[in-house]
Amino acid sequence: MGDDVVLNIETLGSEPMEKNGEPLEEVHEEENQKKKQFHSLDSLDKEANKISSLHSASKVVSIATVLQLAFQSIGVVYGDIGTSPLYVFSSTFSNRVPSKNDVVGALSLIIYTLTLFPLIKYVFIVLLANDNGDGGTFALYSLICRNSKVSAIPNERQEEMELSAYKLKIPNKNLKRAQRIKVALESSYWAKTGLLSMALLGTCMVIGDGILTPCISVLSAVDGVRKFDTGMSKDVVAMISIFILVMLFSIQRFGTDKVGYTFAPSILVWFMLIGSIGIFNILRHDSTVLKAFNPIHIISYFKRDPKAAWISLGGVVLCMTGTEAMFADLGHFSVRSIQIAFSGIVYPCLICAYVGQAAYLSIFPENITDAFYKSIPESVYWPMFVAAVMASIIASQAMISATFAIIKQSMALGCFPRVRIIHTSHKHEGQVYIPEINFLLMLACVLVTASFKETTNIGNAYGIAVVGVMLVTSSLLVLIMLMVWQTSLPLIALFVLSFGSFELVYFSSVLYKFTSGGYLPLTFASVLYFVMYVWNYVQTKRHNFEVEQKVSTEYLNSLGSNLGISRVPGLGLLYTELTHGIPAIFPHFLTNLPAIHCVLVFVSVKYLPVNTVPAEERFLLQRVGPKDYKMYRCIARYGYRDRRIGNEEFELLLMENLKNFIRNESWEEGDSSVEGEEIRFLEKSREAGVVYLLGHSEVRASENSSLLKRVIVNYVYDFLRRNCRQGFVDLQIPNKNLLQVGMNYSV
1 MGDDVVLNIE
11 TLGSEPMEKN
21 GEPLEEVHEE
31 ENQKKKQFHS
41 LDSLDKEANK
51 ISSLHSASKV
61 VSIATVLQLA
71 FQSIGVVYGD
81 IGTSPLYVFS
91 STFSNRVPSK
101 NDVVGALSLI
111 IYTLTLFPLI
121 KYVFIVLLAN
131 DNGDGGTFAL
141 YSLICRNSKV
151 SAIPNERQEE
161 MELSAYKLKI
171 PNKNLKRAQR
181 IKVALESSYW
191 AKTGLLSMAL
201 LGTCMVIGDG
211 ILTPCISVLS
221 AVDGVRKFDT
231 GMSKDVVAMI
241 SIFILVMLFS
251 IQRFGTDKVG
261 YTFAPSILVW
271 FMLIGSIGIF
281 NILRHDSTVL
291 KAFNPIHIIS
301 YFKRDPKAAW
311 ISLGGVVLCM
321 TGTEAMFADL
331 GHFSVRSIQI
341 AFSGIVYPCL
351 ICAYVGQAAY
361 LSIFPENITD
371 AFYKSIPESV
381 YWPMFVAAVM
391 ASIIASQAMI
401 SATFAIIKQS
411 MALGCFPRVR
421 IIHTSHKHEG
431 QVYIPEINFL
441 LMLACVLVTA
451 SFKETTNIGN
461 AYGIAVVGVM
471 LVTSSLLVLI
481 MLMVWQTSLP
491 LIALFVLSFG
501 SFELVYFSSV
511 LYKFTSGGYL
521 PLTFASVLYF
531 VMYVWNYVQT
541 KRHNFEVEQK
551 VSTEYLNSLG
561 SNLGISRVPG
571 LGLLYTELTH
581 GIPAIFPHFL
591 TNLPAIHCVL
601 VFVSVKYLPV
611 NTVPAEERFL
621 LQRVGPKDYK
631 MYRCIARYGY
641 RDRRIGNEEF
651 ELLLMENLKN
661 FIRNESWEEG
671 DSSVEGEEIR
681 FLEKSREAGV
691 VYLLGHSEVR
701 ASENSSLLKR
711 VIVNYVYDFL
721 RRNCRQGFVD
731 LQIPNKNLLQ
741 VGMNYSV
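Next comes the structure, spelled out in structure tokens:
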């Protein structure tokens, strides 16, 4: 393939009919006037993996824009952590009435938990580990994959590590250590599998958050309606909560930007209210609780009753629910806007709210089961009730949206069965809606709410999901510190001791409540992890089979320009996962079809371990075989947050890019005599019709496989494949233009 000419075509974005307010045709004319750049490489895969240096790693924006983003983030990101005062104290002392000293000790724990984890760890450390401005578990995983060959997802190539965007940062004195770790990880199959498993586990825990957040937030807020009727049963409260949850999931199809941003001012009002009422309670009831800012009271709290204090950590940890959302939703905002919003508004208001509740409980400890609503002054009770319900809905929206986004990322990286992705915003590529997942989330929330009917046991379940995600984030971050940042060992040790050790203590506490609801997120995570791992495992095996069975170039040359059969007018697009070589499905088409199209394009959709691929680097074209074969290869590259281009727009862009490719190829070779003829032949072929050629694969375990592998491949994977979206639906291919040929895969 040394003589292949590879062209990096500059193409348009994902808007089908216009770009920046200009008609598509005008934009094409402008784009076509730009000079295209040629690259002659030994492998097209080098270019297929090449993404220009980090485009959005540092966003240079004005102060006004940062402040605007900070305001918007309050409504989208902080609803979950903002509603935690509804249930933290009641969950901390779920089985006993605390003394005043216990209240002060628990308050001191809450203050320093909020300071240590959300403020210091996430706001000032974790946010810096973003993937080109994007956050979340898979962002950390992709950042590691780009800096070492440890990716366990299909379609990875050796050439990735030779490209600038995938290499380690500017070396420093710790480079040798980073290289030793990199080599050790790359040479270990278990290290690659372990990293993927950790990323999947963190993803599953976030999805568990997406189930439990609406349940506990809405149920806690609606519980305030009991003031209207003190004799109201838990069943009635649960039914009201279920009604609100069903309505919440019913409006998801309108999109995050419409649902979240519409109510963003409500969350700001909520923070102002809980902060003001907290200050009011401090002045009215007991200002001596301010001594909780002295951490010595934490030690005294554990000395009085070590076991009870340790068990209460399972409730204290709920004060940082939604912390992971700061990182997961980073792609919609910027690091600076998240930092300003939390440090300037969220953190102070939460501290005031918790101190105010503690001041009330120091006088009325018997009201611990309903501390939030009991501490509200009578004159503002009902406004606070309305604000609490609104805040709980918005808090739920944040985690539901994060669940949609993370499932889209998982699917793009080959770790989740194909589902329908609907993009709900033209301004934010990451905002999506998934109908199937929305229904399953709603069903799970309704079942959890109807089963538990109160927040105590749901809180026990919630704690495991929260701390589980934090442990995964810390583990991946340590690896990034060692390999990517090349941080000194004393600082890494300080990070592990300061955060990792305390997270393990919290995790041991929430595990103690395993039988009292703690089993729920672990059950959800186990089922989701099994589904995701099985899908990724078989997809990887399937891809390896295609690589092993690909057809040699000698076979193609032996067929001649007619490929051994008749060639009829038309444009054939043959989809394959291979980015070089002839796929094994190609001879099946030649064997089973009486004719093949006179122009044939091998199309490969390739997802890279980056959050987004710039539009000008989206498509790559290459000629396959001699010119008279009229065969080409097109690689469409996407990041895990990118929107897939529809078939009509793809056809339009493909034709324009092929024409540009032919023109520039002729210019490169200094022979323009056949340029016009080939372009006219291409246009005539498209006018005759475009047909999509896909292989309908049946994956089966090989005969010498173990019983476990046969069950996983032949039954579990087959069940998932038959109940998810078909490949041609996912590729947005109309049935009338589709032609499939069956092929068996033995893995």
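Take 1 as the starting number for the sequence shown in full-length UniProt numbering and just add one per residue. Here a beta-carbon is modelled for each residue, glycine too, at the ideal position from N, C-alpha and C. This one's a predicted model, so the numbers in the text were calculated from it and none came from an experiment.
Buried or exposed for residue i, please, with buried defined as at least 16 other CB atoms from any protein chain shown within 10 angstroms of its CB.
{"i": "Met247", "result": "exposed"}
{"i": "Pro306", "result": "exposed"}
{"i": "Asp628", "result": "exposed"}
{"i": "Asp235", "result": "exposed"}
{"i": "Trp382", "result": "exposed"}
{"i": "Tyr745", "result": "buried"}
{"i": "residue 793", "result": "Missing from the structure shown is residue 793; the chain here goes from 1 to 747 and no further."}
{"i": "Thr113", "result": "buried"}
{"i": "Met272", "result": "exposed"}
{"i": "Phe364", "result": "exposed"}
{"i": "Arg253", "result": "exposed"}
{"i": "Gly564", "result": "exposed"}
{"i": "Trp190", "result": "exposed"}
{"i": "Ala398", "result": "buried"}
{"i": "Gly344", "result": "exposed"}
{"i": "Phe499", "result": "buried"}
{"i": "Ala412", "result": "buried"}
{"i": "Leu283", "result": "exposed"}
{"i": "Val126", "result": "buried"}
{"i": "Pro417", "result": "buried"}
{"i": "Val605", "result": "buried"}
Sort out for me which residues DSSP pairs residue i with in a bridge.
{"i": "His543", "result": "Partner(s): none; His543 has no beta bridge."}
{"i": "Glu698", "result": "Asn744"}
{"i": "Gly572", "result": "Leu600, Val691"}
{"i": "Met631", "result": "Leu600"}
{"i": "Arg567", "result": "Ile596"}
{"i": "Val605", "result": "Ala636"}
{"i": "Val551", "result": "Ile582"}
{"i": "Arg623", "result": "Tyr632"}
From the DSSP output, in three-state form, read off residue i for me.
{"i": "Tyr692", "result": "strand"}
{"i": "Ala636", "result": "strand"}
{"i": "Val236", "result": "helix"}
{"i": "Leu738", "result": "strand"}
{"i": "Asp131", "result": "strand"}
{"i": "His423", "result": "strand"}
{"i": "Ala595", "result": "strand"}
{"i": "Ser362", "result": "coil"}
{"i": "Ile582", "result": "strand"}
{"i": "Val150", "result": "coil"}
{"i": "Val432", "result": "strand"}
{"i": "Val610", "result": "coil"}
{"i": "Ser488", "result": "coil"}
{"i": "Thr321", "result": "coil"}
{"i": "Asp286", "result": "coil"}
{"i": "Asp718", "result": "helix"}
{"i": "Cys415", "result": "coil"}
{"i": "Pro348", "result": "helix"}
Which same chain residues, not among the five before or five after residue i, have their C-beta less than 7 Å away from its C-beta?
{"i": "Ile368", "result": "Phe89, Ser90, Phe93, Val97, Pro98, Leu361"}
{"i": "Cys352", "result": "Gly275, Gly278, Ile279"}
{"i": "Asn735", "result": "none"}
{"i": "Glu651", "result": "Val690"}
{"i": "Ile480", "result": "Ala129, Leu140, Leu143, Ile144"}
By Cβ distance, which residues of its chain are closer than 8 Å to residue i, with the 5 residues on each side in sequence left out?
{"i": "Ser300", "result": "Asn101, Gly105"}
{"i": "Ser84", "result": "Leu318, Cys319, Met320, Thr321, Gly322, Leu350"}
{"i": "Leu511", "result": "Ile464, Gly518"}
{"i": "Val472", "result": "Thr137, Met198, Ala199, Leu201, Gly202, Met205"}
Closer than 6 Å by C-beta to residue i: which residues in its own chain qualify, once you throw out the five before and the five after it? Chain order, please.
{"i": "Leu739", "result": "Val691, Leu693"}
{"i": "Ser631", "result": "Reading off the sequence shown, one finds Met at residue 631, where the question assumed Ser. Once the five neighbours on either side are set aside, the close Cβ partners of Met631 are Leu600, Val624, Gly625."}
{"i": "Phe545", "result": "Tyr745, Val747"}
{"i": "Val346", "result": "Tyr78"}
Using 8 Å as the limit for Cβ to Cβ distance, is residue i near chain D?
{"i": "Gln357", "result": "Structure shown: chain D not included; a single protein chain is present."}
Discussion item. Report the start-end ranges of each alpha helix (DSSP H) in the segment 53-106 that is 4 residues or longer and not cut off at the edges.
Written reply: 63-76, 79-82, 88-92
**Request:** Jot down the residue ranges of each uninterrupted alpha helix (DSSP H) in the segment 176-214, minimum 4 residues, whole runs only, in chain order.
**Result:** none
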